[in-house]
Every structure is written in C-alpha cells, then in structure tokens.
Amino acid sequence: GSTTGGILVRRSLALPTARWAFEPWIGARTFGLQFREPMATSMSNNPGGRLPEDGALDRLVARLESVGRAVGVIRLVERWAEVRPPTRPALIAESRAFIDLRLMDRAWVRLRELSEAEPTDHEVQALIAEMFIARGWPARAARLVDKLQSLGVEPERLLRIEAGVAAAPVRP
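Going by this note's numbering, the sequence shown opens with residue 201, and the numbers climb by one from there.
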C-alpha cells in the first residue's frame, strides 16, 4: 500500500478496473486450471466468450476465498456473470466477499436475490443474519434466529449469531 495524508491506502482492496479485469484469470494457472485458448481471448467482452467449465470456476472461486482474496472473488464472479450466470456457490462466495469488504449494500442485494430463489438455503439465511449484525441491525437478525434453528444451521454458528443479536448495535 501507499500512504496518502497519513492514511494507508491498500491497492489490493480497490474495486475492479479495466487494467486488472483479468487478474483472477491470470492467477487461475497458479491454481491448476487449464484454459483452451490464450488468456486475453478467453475473457473477451464478447458475450459468447469461452470460459472454463463451471466446476473449474467454482474451484477457483473457492481457492481465492480460501486465501483471503475477496476482491478476486468479486472480480471473477462479476466477470463470469457477463458471459453466463454464475453458480449458486459462486454467488454465495461473492456475498461473503462483499461482507468481508464491508460492501453491505451489494451483499444485501445479492443475498436477497439468493434468498428469493431458495428461501430454505441455510447458508444464505445465516449470511443474511451475519450481514445484519455487521451492519448494526441486530433486531433484524433476531427475526431470523428461529428460522435458522429450523433450517439446521451449525450450532457454533447459531451461537455466534445469537451472541451478535444480543450485543449492542455497532456501526458497520
């Protein structure tokens, strides 16, 4: 990062720009994915541009998420969405990345879409509750606790959510 007026600026947290649009794809070779054509053409702006199979993209998203590359996850999923609809696991990972980066409005939009499509997905419902808590809205998260119990959310995660609900509201 660089320092601007005493504030540390982390370039790695910048949102996608044209210059870095291919960053996740270039890193894909590091994670063992093979492409059928050169990197520059595999991600053309052409809607019919060829991408690796969804399974390979899901593995790349999971790998980026596991090494803490939230911006890479978002870039990859957004670029994927330009060519074809991303898988549900990729969209959930993107939601977690938005929450990690405190982009709560974007997280909420994505989580609401996922919840409307599959209202009984316990991962999505738990993420919504966690996002409400992180956003400083524990009362809204409290309304989800019973639903989370009935959906079978892991006990440790449910306890963390209940603790967040009981805590005083915090600013995002």
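For glycine and all other residues, C-beta sits at the position ideal for the given N, C-alpha and C.
Sub-8 Å separation of residue i and residue j beta-carbons
| i | j | result |
| --- | --- | --- |
| Glu414 | Val273 | Limits of the chain in this structure are 201 at one end and 372 at the other, which puts residue 414 out of reach. |
| Met304 | Ala334 | yes |
| Leu358 | Leu348 | yes |
| Val261 | Leu251 | no |
| Ala376 | Met331 | Not covered by the structure: residue 376. The range shown for the chain is 201 to 372. |
Straight-line Cα distance separating residue j from residue i
| i | j | result |
| --- | --- | --- |
| Glu354 | Ala326 | 10 Å |
| Leu301 | Glu294 | 11 Å |
| His399 | Leu311 | The chain is shown from 201 up to 372; residue 399 falls before or after that span and cannot be answered. |
| Ala256 | Arg263 | 11 Å |
| Thr287 | Glu313 | 13 Å |
| Arg279 | Ser315 | 22 Å |
| Pro247 | Ser350 | Here Pro247 scores only 49 on pLDDT, less than 50, and its place in the model should not be relied on; the value that follows carries that caveat. Between Pro247 and Ser350, the C-alpha separation is close to 41 Å. |
Residue nearest to residue i in terms of C-alpha spacing, selected from the options
| i | options | result |
| --- | --- | --- |
| Ala339 | Glu318, Glu323, Val365 and Ile361 | Val365 |
| Ala329 | Ile361, Arg279 and Ala270 | Ile361 |
| Asp378 | Trp337, Met331, Thr320 and Gly336 | The chain is shown only over 201 to 372; residue 378 falls outside these bounds and no answer can be derived. |
| Gly268 | Ile299, Val324 and Gly336 | Ile299 |
| Gly336 | Trp280, Arg279 and Ala367 | Ala367 |
Expected contact under 8 Å - CB spacing of residue i and residue j to nearest Å
| i | j | result |
| --- | --- | --- |
| Asp258 | Ala290 | 6 Å |
| Ile292 | Val324 | 7 Å |
Counted within 10 angstroms of its Cβ, other Cβ atoms place residue i as buried (16 or more) or exposed
| i | result |
| --- | --- |
| Ala317 | exposed |
| Glu253 | exposed |
| Val309 | exposed |
| Pro285 | exposed |
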